[in-house]
Amino acid sequence: MTRTTTSRDDEAERLRRWRLVLGGGADGTGHELRGRDAAMDGALTALYGRQKGTDGQGTDRGPRTAGLGASAPAVARWLGDIRTYFPSSVVQVMQRDAIDRLGLSALLLEPEMLEAVEADVHLVGTLLSLNRVMPETTKETARAVVRKVVEQLEKKLATRTRATLGGALDRSARISRPRHRDIDWDRTIRANLKNYLPEHRTVVPERLIGHGRTAQSVKKDVVLCIDQSGSMAASVVYASVFGAVLASMRALDTRLVVFDTAVVDLTDQLDDPVDVLFGTQLGGGTDINRALAYCQSRLTRPAETVVVLISDLYEGGIRDEMLKRVAAMKASGVQFVTLLALSDEGAPAYDRDHAAALAALGAPAFACTPDLFPDVMAAALEKRPLPIPDMAEQR
457 MTRTTTSRDD EAERLRRWRL VLGGGADGTG HELRGRDAAM DGALTALYGR
507 QKGTDGQGTD RGPRTAGLGA SAPAVARWLG DIRTYFPSSV VQVMQRDAID
557 RLGLSALLLE PEMLEAVEAD VHLVGTLLSL NRVMPETTKE TARAVVRKVV
607 EQLEKKLATR TRATLGGALD RSARISRPRH RDIDWDRTIR ANLKNYLPEH
657 RTVVPERLIG HGRTAQSVKK DVVLCIDQSG SMAASVVYAS VFGAVLASMR
707 ALDTRLVVFD TAVVDLTDQL DDPVDVLFGT QLGGGTDINR ALAYCQSRLT
757 RPAETVVVLI SDLYEGGIRD EMLKRVAAMK ASGVQFVTLL ALSDEGAPAY
807 DRDHAAALAA LGAPAFACTP DLFPDVMAAA LEKRPLPIPD MAEQR
């Protein structure tokens, strides 16, 4: 193959790629798409196609329109097409865009549509927001979709969470007369630094500190208090899965509370996170003060309790009372953690004034990814400083 032929092939490939990116007919490339490329372009145009101007050509004036309409069969075919031409990660993005841009939420109430959709956390959030208007014929399919996502998340998150928190619980159960293999050398050295002998360059350990046995000597209480307003959908999904994992650990007594302007205790459903999710009512207002009042009323051992508030802090209740409750719980010995989000969605929107007020009380608020959550909980159980991400990166 000559250099000229190679150059022509490279130019044709470059035009092909630009044609796929630009879409439309008169895009300036002069390249005609065929076969698989044409089908891919059609799937993209159906969702992202530009509005036609008066000259019949694609323009960027005004809102974009699309070619799926409100037809369930057409959308089902389109969902099949995009799964054929694009990887799963791209399919999920396109599905979310279709729901947002084309108002397809109502179509997700149809079983055949749900069976065609690629399930992910965001789809679960959409289904939960439709729970109250979902027909009975669809609920069984919807639960199957939600269960598939939940099981995938549990498989991904459970092992590391149990291992990380199990270690934290072991370390927090310190005993004063440990066997040699149970000695916690880091804590022992720190506790005996006053006995350092410079001439021998050693520490004399007058008091030994050891790891205890979780099942026998440690019991911690955890309260997950979850804002179920519409903007917190992904956080509700992840928190429900983590709640079920924590509830499965014998050394933890886990309570799960969800709230908007009302408060619902879903602790008795923690053995099945799908039941928890369908027990939520995404949407509505927010009354953090009322939710914290309920959680505070259920505390029996404050010094051995971790309260995790998951909320964007847009309070619709009594702000000053909310802050007083947080201060009172911390004063009683509660380890209080505020997560602005528990998801992979990036920097969340949140009430900065309330976040600053909580930070002033010693309860800094920050966004947390699912991968970081076990480390945050481990630090809280051990009463160590929390591994707070750089807040500048979350703005």
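Those letters in the sequence shown? Residues 457 to 851, per our numbering, in order.
Note that CB positions come from ideal geometry on N, CA and C, so glycine has one too.
- Take Thr617, set aside five residues on each side of it, and the residues of its chain with a beta-carbon closer than 6 angstroms to its own are Val701 and Pro830, in chain order.
- Ranked by Cα distance from Arg746, the options Leu765, Gly735 and Glu760 are led by Leu765.
- Taking a C-beta distance under 8 angstroms as the contact criterion, Leu586 and Leu565 qualify as a contact pair.
- Going by DSSP, Ile645 is part of the alpha helix (DSSP H) stretching over Trp641 to Ala647.
- Three or more beta-carbon pairs drawn from the segment 571 to 579 and the segment 593 to 605 are found closer than 8 angstroms, and the two stretches are therefore classed as touching.
- In this chain, the beta strand (DSSP E) harbouring Gln791 covers Gln791 to Leu798.
- If you check the CB distance, Phe792 and Ala813 do not come in under 8 angstroms.
- Beta bridge pairing from DSSP links Ala821 with Thr794.
- Val763 and Val790 do touch by the CB rule: their CB atoms are close to 5 angstroms apart, below 8 angstroms.
- Asp465 and Arg472 have their alpha carbons spaced roughly 10 angstroms apart.
- The C-alpha of Leu609 lies about 44 angstroms from the C-alpha of Glu467.
- The straight-line gap separating the alpha-carbon atoms of His810 and Glu838 is approximately 26 angstroms.
- With 16 or more other CB atoms across the displayed protein chains lying within 10 angstroms of its CB, Pro729 is buried.
- Ranked by Cα distance from Val606, the first of Ser561, Leu680 and Val692 is Val692.
- The C-alpha of Ala562 is placed about 14 angstroms away from the C-alpha of Glu592.
- Ranking Asp724, Val720, Pro543 and Ser685 by CA distance to the CA of Ser704 puts Asp724 first.
- Taking C-beta separations shorter than 7 angstroms and ignoring five residues to either side along the sequence, the partners of Pro804 in its chain run Asp768, Leu796, Ala797 and Ala823, following chain order.
- Under a 10 Å Cβ-count criterion, Trp641 is classified as exposed, with fewer than 16 other Cβ atoms of the shown protein chains found around its own Cβ.
- Within the DSSP bridge table, the entry for Ile766 names Ile682 and Leu795 as partners.
- Rounded to whole angstroms, the separation of the alpha carbons of Gly498 and Arg754 is 57 angstroms.
- Between Ala834 and Ala624 a beta carbon distance of about 4 angstroms is seen, short of the 8 angstroms cut, so the two are scored as contacting.
- Here DSSP, grouped into helix, strand and coil, assigns Tyr806 to coil.
- Measuring C-alpha to C-alpha distances from Arg663 to each of Ala647, Pro654 and Lys675 identifies Ala647 as the nearest.
- Counting of Cβ neighbours within 10 angstroms places Glu571 among the exposed residues, the total staying below 16.
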